[in-house]
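These notes are about the structure you will find just below.
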Amino acid sequence: MTARYDVAVVGGGIVGLAHAWMAAQRGLRVVLLERSAAAEGASVRNFGMIWPIGQPAGTLLALALRSRGFWLQLHALGVLEVEECGSFHLAHHSDELSVLEEFCDQQTHDSRMLAPQEVVQRTPLANPAGLLGGMFSPTELRVDPRTASRQIAAWLSSSQGVDCQFETLVTRIENGQVRAADGRTWTAQRIIVCSGSDLQTLYPDILGRSELQLCKLQMLAAAAPKSCGAGSPHIASGLTLRHYTAFRGCSSQATLQARISAQSPELDRYGIHVMASAMPGGDIILGDSHEYGDDMTPFDNPQIDELILRELRKVIRLDDWTVRQRWHGIYAKHPTLPVFEAEAADGVQICVGTGGAGMTLAFGLADRAWQRWIGETA
Ligand SMILES: Cc1cc2nc3c(=O)[nH]c(=O)nc-3n(C[C@H](O)[C@H](O)[C@H](O)COP(=O)(O)OP(=O)(O)OC[C@H]3O[C@@H](n4cnc5c(N)ncnc54)[C@H](O)[C@@H]3O)c2cc1C
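The sequence shown begins at 1 in the numbering used here and counts up by one.
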């Protein structure tokens with residue numbers, strides 16, 4: 001027998017969970033279908049950084065800040081731990097300091113420059129050797145990515161009336177009906193496909209034409225220093241200033257980019273910029289690299305891990321650099337859009353390709369989509 005719902009969401013990563021929550025909030029009857037026993041994709045493999053500071057001023061920064069509010073709401077509801085940790089971008093080169101100063105002068109984000117001594121007082125992670133200054137931003141949050149999706153799904157199921165069906169691979173969507181590989185079916189007036197980096201199972205024609213590219217990121221974990229207390233700010237190095245679009249408006253970025261290309265082309269080749277986040281459980285998550293399309297293989301490249309660690313040693317201090325865990329994650333990313341949203345058929349929406357900002361943007365994107373679909377005014 002076919003079960004009937006208002007909304008069916010395919011995918012139990014953060015984007016699917018966000019759409020399911022926003023639908024349930026609007027009083028709709030929702031089923032969420034996830035092929036694994038628990039989410040295992042990009043949403044559990046990331047840094048857990050809610051990172052408005054990386055979003056350019058305007059629509060995307062506003063969406064990130066809106067998402068931030070939803071994360072804090074989940075914390076207030078006791079769904080999961082969300083730390084208001086803020087972030088530091090550290091400058092160990094004069095060109096990095098120039099970009100940070102130019103960025104702060106633009107006053108588009110809530111950020112300010114601190115002198116080296118102030119940075120070191122605020123975070124034991126910062127490497128004082130060669131430190132020229134740091135930019136502090138208070139807007140960043142930390143969640144534990146390994147548990148966040150599971151905790152949100154459990155809460156949606158227990159308190160929001162969402163029917164979460166795990167171990168359910170959706171293989172077909174037709175005429176308002178969703179079909180799983182084992183033959184079960186659900187009907188829904190609206191179906192939302194949030195299948196992350198799987199561009200082949202559902203709507204491969206649309207996703208094949210979408211220009212979405214897959215990107216593989218290598219990650220590591222070590223022990224956080226004992227001196228790293230709760231709420232320790234996330235750390236990003238000057239290399240990160242090449243990565244996030246927020247900094248593209250800084251003319252001084254060209255000098256930094258030129259130095260890296262000339263001195264360390266291997267960092268450009270593997271898309272390496274380095275970040276660190278100290279988890280409350282005692283791990284510090286470290287990364288990352290970016291390999292696209294044909295450069296991706298199933299096998300991790302130990303040279304990339306060494307380069308990440310080499311660059312991290314320049315900017316942070318750890319008591320023990322022994323690597324406890326290594327993994328990689330894959331996300332889909334559009335060359336120009338922050339997310340790929342499309343109507344695949346009447347009543348069927350696709351929402352994939354949040355790239356490196358899905359944890360930061362998912363709730364805001366889902367809320368915006370629901371406002372559009374049901375004609376709410378913001
Ligand atoms: C290493 C790494 C670090 C990152 N760091 C950050 C960060 O710190 N901050 C940030 O904002 N973003 C970060 N990101 C990006 C962020 O993790 C992603 O943008 C986000 O998790 C994507 O969420 P998603 O739900 O679209 O995809 P996923 O998490 O991959 O979820 C998709 C889900 O859909 C399921 N699925 C797919 N097809 C089907 C089907 N046919 N039937 C049923 N289920 C299906 C999959 O099993 C999967 O669970 C990072 C990403 C990576 C890889």
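No residue lacks a Cβ here, since even glycine has one placed at the ideal position from N, Cα and C.
Predicted, not measured: the structure shown is a model, and the values here were computed from it.
- Where Ser137 is concerned, there is no enclosing alpha helix (DSSP H), although the beta strand (DSSP E) around it starts and stops at 133 to 137.
- For the 9 angstroms CB-CB criterion, Glu211 and Asp144 do not form a contact.
- For Ala345, the uninterrupted beta strand (DSSP E) run begins and ends at 340 to 345, by DSSP.
- Inter-residue distance for Glu291 and Leu220 is about 16 angstroms (C-alpha atoms, whole angstroms).
- Around the beta carbon of Met1, a 10 Å sphere encloses fewer than 16 other beta carbons of the protein chains shown; the residue is thus reported as exposed.
- Proximity of the segment 251 to 264 to the segment 138 to 156 falls short of the contact definition, fewer than three beta-carbon pairs being nearer than 8 angstroms.
- For His109, the distance from the CB to the nearest heavy atom of ligand 1 is not below 8 angstroms.
- Remark: three or more beta-carbon pairs, one from each stretch, lie closer than 8 angstroms, so the segment 73 to 89 and the segment 221 to 241 are flagged as touching.
- Burial of Thr139 is indicated by the presence of at least 16 other C-beta atoms within 10 angstroms of its C-beta.
- By the 16-neighbour rule on beta-carbons within 10 angstroms, Trp186 is buried.
- Pairwise C-beta distances place the segment 112 to 129 out of contact with the segment 255 to 272, as fewer than three of them are shorter than 8 angstroms.
- As computed with DSSP, Ile284 is found in a beta bridge with Ala222, Ala278.
- DSSP, reduced to helix, strand and coil, places Phe363 within a helical segment of the structure shown.
- Taking a C-beta distance under 9 angstroms as the contact criterion, Thr168 and Glu34 qualify as a contact pair.
- For the pair Gly364 and Arg66, the CB atoms are nearer than the 9 angstroms cut-off.
- Look at Glu101 here: in three-state DSSP terms it is helix.
- Cβ-Cβ distances below 6 angstroms link Leu132 to Ala91, Leu97 in the same chain, with the five nearest sequence neighbours on each side left out; the list follows chain order.
- Contact between Phe47 and Ile285 is confirmed by a C-beta separation of about 5 angstroms, below the 8 angstroms threshold.
- Counting along the chain, the unbroken beta strand (DSSP E) around Phe88 starts and ends at 87 to 91.
- Residue nearest to Ala345 within the set Arg313, Leu202, Ile374 is Leu202 (criterion: CA-CA distance).
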